[in-house]
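Some notes on the structure that comes next.
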Amino acid sequence: MSGTVTVKNVTLGEGMPKICVPLVGATLPELESEAEALKTLAPDMAEWRCDLFAGVEDMEAVKETLHRINTILPEIPLIFTFRSTREGGDKEISKEYYIQLNKTAAESGHVDIIDVELFNEEADVRELIAAAHASGVFVILSNHDFTGTPDEEEIVSRLRRAQELGGDLPKIAVMPNSPGDVLTLLSATNRMQEQYADRPIITMSMAGEGVISRLAGEIFGSALTFGAACKPSAPGQVAAAELRKVLELLHRSL
Numbered sequence: 000m001s002g003t004v005t006v007k008n009v010t011l012g013e014g015m016p017k018i019c020v021p022l023v024g025a026t027l028p029e030l031e032s033e034a035e036a037l038k039t040l041a042p043d044m045a046e047w048r049c050d051l052f053a054g055v056e057d058m059e060a061v062k063e064t065l066h067r068i069n070t071i072l073p074e075i076p077l078i079f080t081f082r083s084t085r086e087g088g089d090k091e092i093s094k095e096y097y098i099q100l101n102k103t104a105a106e107s108g109h110v111d112i113i114d115v116e117l118f119n120e121e122a123d124v125r126e127l128i129a130a131a132h133a134s135g136v137f138v139i140l141s142n143h144d145f146t147g148t149p150d151e152e153e154i155v156s157r158l159r160r161a162q163e164l165g166g167d168l169p170k171i172a173v174m175p176n177s178p179g180d181v182l183t184l185l186s187a188t189n190r191m192q193e194q195y196a197d198r199p200i201i202t203m204s205m206a207g208e209g210v211i212s213r214l215a216g217e218i219f220g221s222a223l224t225f226g227a228a229c230k231p232s233a234p235g236q237v238a239a240a241e242l243r244k245v246l247e248l249l250h251r252s253l
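Numbers 0 to 253, taken from numbering that gives the first Met the number 0, label the letters of the sequence shown in order.
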C-alpha cells in the first residue's frame with residue numbers, strides 16, 4: 000500500500016484521485032485569464048505547461064509569470080512542467096537550460112512541484128531532485144509514451160525506477176493502440192500500488208480509449224488525474240467539471 004504526499008492542503012494517495020487542471024496559454028495575459036477562470040472550477044491542483052509559453056526561453060519572463068500565477072492562485076498547489084518534444088511537448092531546449100529552468104522554478108517560491116522527465120541522464124535527474132527538495136518542492140518523475148503501451152513489466156519497472164531515484168510522485172502516461180493496452184496500464188498500476196509503491200503514483204492511458212484510466216484511479220491506484228479547463232494538454236483529457244462528477248460517483252460506490 001502506497002503512502003501519501005501532502006502539498007499545501009491537498010493529500011495525494013488517499014480518497015478520490017485529485018484533479019489537476021493545466022494552464023496552457025502562450026502569453027502572460029492568456030495565462031492570467033486562464034488562472035482566473037480556473038478558480039471557478041476549484042481544482043485540487045494546477046499545472047503550468049511552460050513549454051507552451053512563448054516566452055519560455057526568457058528566464059525573467061518565466062519568473063514573472065510564475066509570480067503572477069501564484070498571486071492569482073495562492074491556495075492551489077502549482078506544478079511546473081516543461082514537457083520535451085520527445086515526450087509530447089511543444090518545443091525543445093538544451094539540457095543545460097532545462098536544468099536551469101527547473102531549478103529556477105523550484106527556487107522561486109511560487110511552485111510546489113516540478114515535473115522532471117525520467118529519461119533524462121541519471122545525474123541530471125538526481126541533481127534536479129536534490130535542488131527541488133532543498134527548496135521544499137516535490138518532484139513528479141515522469142515518462143510519457145505517445146507511440147504505444149509498453150508491457151506490464153516495463154511499466155512497473157519505469158515506475159519503480161522513478162521511485163528508486165527519489166521522485167516523490169512517479170508518473171507514467173502511455174498511448175493505447177487497443178482496449179487491451181488500457182487493461183495493461185491498469186493492471187500495471189494495480190500491481191505497482193499493491194506490491195512496490197511506498198508513495199503515491201500517477202498513471203494514465205491517453206486518448207479516447209484510455210479515458211477510463213483517468214476515472215478509475217481510486218480503484219486501481221493512481222492518485223492524480225488531469226482535467227481540462229479550456230484546451231486539453233494531452234489526448235483524452237476530460238473537462239474538469241465532468242471529471243469531478245464521475246470521480247465522486249465512483250467514490251460513493253466504493
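Beta carbons: idealized from backbone N, C-alpha and C, even for Gly.
Buried versus exposed, by CB contacts within 10 Å (16 or more), residue i
| i | result |
| --- | --- |
| P73 | exposed |
| G24 | buried |
| G88 | buried |
| L184 | buried |
| T148 | buried |
| H143 | buried |
| Q162 | buried |
| H66 | exposed |
Unbroken beta strand (DSSP E) run spanning residue i, endpoints
| i | result |
| --- | --- |
| K170 | L168 to V173 |
| F137 | F137 to D144 |
| T224 | L223 to A227 |
| V48 | Per the sequence presented here, residue 48 reads as Arg, with Val not at that position. First-last of the beta strand (DSSP E) with R48: M44 to R48. |
Same chain only: Cβ atoms within 7 Å of residue i, ignoring 5 sequence neighbours per side
| i | result |
| --- | --- |
| A264 | The first residue shown for the chain is 0 and the last is 253, placing residue 264 beyond what the model contains. |
| S83 | E91 and E116 |
| A130 | K102 and A105 |
| A239 | I18, V20, L40, P42, G226, A227 and A228 |
Cutoff 8 Å; reference residue i; Cβ partners in own chain excluding five residues on either side
| i | result |
| --- | --- |
| A45 | C19, V20, P21, L22, A34, L37, I68, L72, I75, P76, L77 and I78 |
| G54 | T26, L27, A60, V61 and T64 |
| S32 | G24 |
| V9 | K17, D43, M44 and P76 |
| S1 | G12, Q192, A196, D197, R198, P199, I200, G220 and A222 |
| E120 | K94 |
| L100 | C49, V55, M58, V61, F81 and I92 |
| E126 | I98 |
Beta-carbon proximity list for residue i, same chain, < 6 Å, skipping 5 on both sides
| i | result |
| --- | --- |
| T39 | none |
| E13 | T3 |
N- and C-terminal bounds of the alpha helix (DSSP H) containing residue i
| i | result |
| --- | --- |
| M203 | Per DSSP, M203 belongs to no alpha helix (DSSP H); it is in the beta strand (DSSP E), I201 to S204. |
Anticipated Cβ contact below 8 Å, residue i with residue j, distance rounded
| i | j | result |
| --- | --- | --- |
| D180 | S141 | With a Cβ gap of about 19 Å, D180 and S141 do not count as contacting. |
| L164 | V124 | 6 Å |
| E217 | L253 | 7 Å |
| D111 | V6 | 5 Å |
**Segment contact flag, the region 221-228 with the region 200-213, C-beta cutoff 8 Å, min 3 pairs** = By the C-beta criterion, the region 221-228 is judged to be in contact with the region 200-213, since at least 3 inter-stretch pairs fall below 8 Å.
**Message:** For the structure I just gave you, are there three or more beta carbon pairs, one from the region 184-193 and one from the region 240-249, closer than 8 Å?
**Reply:** no
**At least 3 beta-carbon pairs within less than 8 Å: the region 159-178 vs the region 194-209** = yes
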